[in-house]
Amino acid sequence: MSPDGEGAPRRQVHAAALLIVAGVLVLFVPAGDEGRVLVPISEGHGLSAVDGIGAGLLAVGGTWLEVLVVRRLPYLALPPRALFALGLLAGLGVGLLVASVFAGFFWWWAVGAATLGTALLVLVPLTARR
Numbered sequence: 147m148s149p150d151g152e153g154a155p156r157r158q159v160h161a162a163a164l165l166i167v168a169g170v171l172v173l174f175v176p177a178g179d180e181g182r183v184l185v186p187i188s189e190g191h192g193l194s195a196v197d198g199i200g201a202g203l204l205a206v207g208g209t210w211l212e213v214l215v216v217r218r219l220p221y222l223a224l225p226p227r228a229l230f231a232l233g234l235l236a237g238l239g240v241g242l243l244v245a246s247v248f249a250g251f252f253w254w255w256a257v258g259a260a261t262l263g264t265a266l267l268v269l270v271p272l273t274a275r276r
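Residue numbering for the sequence shown follows our numbering, beginning at 147 and increasing consecutively.
Laid out in structure tokens, this is it:
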């Protein structure tokens, strides 16, 4: 996080969000256009080169956004119960996303994405604003 200027956190949040959106758009490429599976993960799931690029963009953008949120957390002045609830919600979301890939809970990824997204929709605007 750059300390030079008032808009630095906001610009960094926007850049990280652009990386995440680009990664999601790459992952939306239809399976027929991705090419062959390079790394099989489970039944019905595999990683192609296109998936690798999308996952890489998502990982870089998501990690950058997480670092921004964690570094700005003391300045957000959220009560302990709110922080606990947001952490629980985000952890549940990530757990359901991972479980849906490796354990065959096929449609649970949507519930995991929604819970993780809810936590992010609360924290990211606060991070960009303060």
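The C-beta atom is built at its ideal place from N, Cα and C for all residues, glycine as well.
Only exposed fits D179, as fewer than 16 other CB atoms lie within 10 angstroms of its CB. Fewer than three Cβ pairs drawn from the region 196-207 and the region 228-239 lie within less than 8 Å of each other, which leaves the two stretches out of contact.
Residue burial is scored here from C-beta neighbours: T261 has at least 16 other C-beta atoms within 10 angstroms and is therefore classed as buried. The region 164-238 contains, as complete alpha helix (DSSP H) runs of 4+ residues, the segments 195-222 (chain order). Residue burial annotation: T209 is exposed, with fewer than 16 other C-beta atoms found within 10 angstroms of its C-beta. When DSSP states are grouped into helix, strand and coil, W255 belongs to the helix group.
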